[in-house]
Amino acid sequence: MTDQPTPRAQRFAGRRVIVTGAAGGLGQVVAELFRAEGAAVVATDVAPAEDVVACDLSDDAAREGFVADALAELGGLDVLCNVAGIQQFAAIGAITADALRRHFDVNALAPLMLAQACAEALVESKGNVVSVASISSVMGQPYNAPYCASKAALLLGMRALGVELATRGVRVNCVSPGGIATPMVEAAAAGLPADTNWDLIARSTSVIPGFMPPADVAEALLYLASDAAASVTGANLVVDRGVVW
Ligand SMILES: NC(=O)c1ccc[n+]([C@@H]2O[C@H](COP(=O)([O-])OP(=O)(O)OC[C@H]3O[C@@H](n4cnc5c(N)ncnc54)[C@H](O)[C@@H]3O)[C@@H](O)[C@H]2O)c1
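Numbering (the numbering used here), first residue to last: 28 to 272.
Written out as structure tokens, the structure reads:
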């Protein structure tokens, strides 16, 4: 008997989806799962990859151009899935204004402005927005102030949109992951200071050990984007192996 993957339900057949941050890590898996469930997907990232439209989402003109092209190509939109993000650890003395601005631009401003640019199309389709926040949106992590601050801004910004757009039939939700096995974790760690206090870091370690496979988090995103979550809006679905209780 050959080892065939189990066919997935076609929850997104005929649905049109934008996925950001899709060149690798979590976003790539999210785009693959949406496609596997029948969606037409426009995937984007600042990094080049196959089937991915190149766009620096922190660049206002580039982002606006990308959305206009994606909406025209898809003929509307059912799901905006904000996955792109950056994280660079730094001790307090090493934080620069530029690094702080960059975290806000990519992690908070870009997803919120994307939601604004997609809002009318989503009203039309009674669609939804799903954004990847983080456990760092709701807990202080050492050496991670720029990321925590920007992800907290993203979470509350999305919740505000959730309230506002609920009256027009659009749902807005977040998934907040703990540690995922992606390139981000390794890259971020490069900013840890030489005298890192590992006891402090250990306080935000999950009870179930190990980094999560991206698919575990992607499944939560697809659930929130699906009709099964028709009554869920303004939510923050934590997927973290038991860090935030
Ligand atoms: N890895 C973790 O432990 C973890 C934990 C919690 C939340 N998250 C969040 O999950 C999301 C996905 O991260 P990941 O772990 O897959 O990391 P990743 O670094 O593999 O993926 C992030 C993607 O975003 C893209 N990106 C960065 N800046 C961009 C820009 N200006 N314009 C367009 N694309 C840009 C990157 O090129 C990359 O492909 C991020 O929002 C991240 O903050 C990750």
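Where a beta carbon is used, it is the ideal one built from N, C-alpha and C, also for glycine.
Hey, could you find the ends of the beta strand (DSSP E) residue i is sitting in?
i: Ile45; result: Arg43 to Thr47
i: Val265; result: Asn263 to Val266
Need the endpoints of the alpha helix (DSSP H) that residue i sits in, please.
i: Asp86; result: Careful: Asp86 lies outside any alpha helix (DSSP H) and carries neither H nor E.
i: Pro138; result: Ala137 to Ser152
i: Asp222; result: Neither: Asp222 is in no alpha helix (DSSP H) and is coded neither H nor E.
i: Arg186; result: Ala172 to Ala193
i: Val277; result: The requested residue 277 does not occur in the structure, where the chain is confined to residues 28 to 272.
i: Ala256; result: From DSSP, Ala256 is part of no alpha helix (DSSP H); its letter is neither H nor E.
i: Asp275; result: No information on residue 275 is available, as it lies outside the stretch 28 to 272 that the chain covers here.
i: Phe116; result: Segment: none, Phe116 is in no alpha helix (DSSP H) and carries neither H nor E.
i: Arg128; result: Ala124 to Phe131
i: Ala217; result: From DSSP, Ala217 is part of no alpha helix (DSSP H); its letter is neither H nor E.
i: Ala63; result: Gly52 to Ala63
What does residue i pair with, by DSSP beta-bridge criteria?
i: Asp239; result: One point to set straight first is that residue 239 is Met, not Asp, in the sequence displayed. In the DSSP output, where bridge partners are listed per residue, Met239 has Ile207.
i: Thr71; result: Thr47 and Val80
i: Ser158; result: Asn109 and Cys201
From residue i to residue j, what does the alpha carbon distance come to, in whole angstroms?
i: Asn224; j: Ser163; result: 18 Å
i: Gly167; j: Asp30; result: 44 Å
i: Glu155; j: Ala111; result: The amino acid occupying residue 155 in the given sequence is Asn; Glu does not appear at that position. If you take the alpha carbons of Asn155 and Ala111, they lie about 17 Å apart.
i: Ala179; j: Ala135; result: 8 Å
i: Ile207; j: Phe238; result: 5 Å
i: Gly141; j: Val270; result: In the sequence on display, residue 141 carries Leu and not Gly. Distance between the alpha carbons of Leu141 and Val270: 30 Å.
i: Ala160; j: Ile113; result: 11 Å
i: Leu249; j: Ala137; result: 21 Å
i: Arg195; j: Val69; result: 24 Å
i: Glu151; j: Ala262; result: 22 Å
i: Phe61; j: Ala67; result: 8 Å
i: Glu91; j: Arg186; result: 22 Å
i: Ala176; j: Leu182; result: 10 Å
i: Glu100; j: Pro240; result: 31 Å
i: Ala247; j: Val106; result: 14 Å
i: Phe131; j: Gly48; result: 16 Å
i: Val56; j: Gly102; result: 24 Å
i: Gly41; j: Asp267; result: 31 Å
i: Pro210; j: Ala95; result: 30 Å
i: Ile45; j: Leu104; result: 8 Å
i: Glu147; j: Ala214; result: 37 Å
i: Asn109; j: Val199; result: 11 Å
i: Ala252; j: Asp222; result: 42 Å
i: Ala121; j: Gln37; result: 48 Å
i: Phe93; j: Leu219; result: 34 Å
i: Ala217; j: Ile228; result: 15 Å
Verify the CB distance criterion: does residue i have a CB-CB separation below 8 Å to chain D?
i: Val156; result: Looking at the structure shown, chain D is missing, and only one protein chain is on hand.
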